[in-house]
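Before any comments, here is the structure.
Numbering (the working numbering), first residue to last: 396 to 521.
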């Protein structure tokens, strides 16, 4: 299975936070699965850290590799698809993740119930 971590799931995993559910953690840990973290998540972390709304030690980009995940770049096609999504979720970062997951056939690992409104495979992380 190919997984795309929602930003909060990446943060939970990196911090070994108890909020991450056991089944999601097992799927992320499973070597048979490929785990991606979007450039949109790195951007979101950087913005929230700059605004003082998030504390993240070090580089999110380096944390992707340190955790054995693969970076997922934002392609022009992803941006077009994100803009074409119905306005069911106001967060532009989450809309980008949905567009990327749809485009690449990825399963989003999330605890955001609002993403269920989009027709994209999801694995509950809570």
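We treat Cβ as the ideally placed atom computed from N, Cα and C, and that holds for glycine.
Closest by C-alpha distance to residue i, when choosing among the options
i, options, result
"residue 424", "433, 404, 474 and 439", "404"
"residue 406", "462, 396, 427 and 518", "462"
"residue 488", "479, 438, 519 and 505", "438"
"residue 434", "460, 415, 414 and 422", "460"
Beta-carbon gap between residue i and residue j smaller than 8 Å
i, j, result
"residue 467", "residue 399", "yes"
"residue 449", "residue 440", "yes"
"residue 419", "residue 518", "yes"
"residue 480", "residue 490", "yes"
Delimiting residues of the alpha helix (DSSP H) encompassing residue i
i, result
"residue 459", "455-461"
Alpha-carbon spacing of residue i relative to residue j, whole angstroms
i, j, result
"residue 469", "residue 431", "12 Å"
"residue 453", "residue 465", "18 Å"
"residue 396", "residue 444", "31 Å"
"residue 495", "residue 501", "8 Å"
Contacts around residue i, its chain only, beta-carbon distance under 6 Å, and the 5 residues preceding and following it disregarded
i, result
"residue 506", "520 and 521"
Endpoints, beta strand (DSSP E) assigned at residue i
i, result
"residue 431", "429-433"
Contacts around residue i, its chain only, beta-carbon distance under 7 Å, and the 5 residues preceding and following it disregarded
i, result
"residue 476", "494, 497 and 498"
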